[in-house]
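Accompanying notes for the structure given below.
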Amino acid sequence: MKRWPSLFAERCPKCKTALEVSKSNALQGKVVKTCPNLHYQKEYHPALETYIEHDDIK
Ligand SMILES: [Zn+2]
């Protein structure tokens with residue numbers, strides 16, 4: 001079961017906390033969304049037009 005309600009704030013799959021957005025690389029337009037509890041991270045790469053997801057953040 002995997003649903004992504006894209007119109008709402010994206011949430012961590014584990015703790016359901018809304019992801020925090022941090023633009024770590026404004027020049028490339030890359031957007032990083034991270035769980036405040038460090039369960040989950042999602043990066044948007046405009047050049048690739050895709051998201052890269054990470055389940056664990058170290
Ligand atoms: Zn979390």
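Position 7, counted from 1, in the sequence shown is what the numbering used here calls 7; the numbers after and before it change by one each time, with no gaps.
Just so you know, even glycine gets a beta-carbon here, dropped at the ideal spot from N, CA and C.
For residue 39, the shortest separation between its Cβ and any heavy atom of ligand 1 lies below 7 Å. Exposure of residue 51 is indicated by the presence of fewer than 16 other C-beta atoms within 10 angstroms of its C-beta. Contact check for residue 40 against residue 14 passes: the beta carbons are separated by less than 8 Å. For residue 43, the beta-bridge partners assigned by DSSP are 32 and 52.
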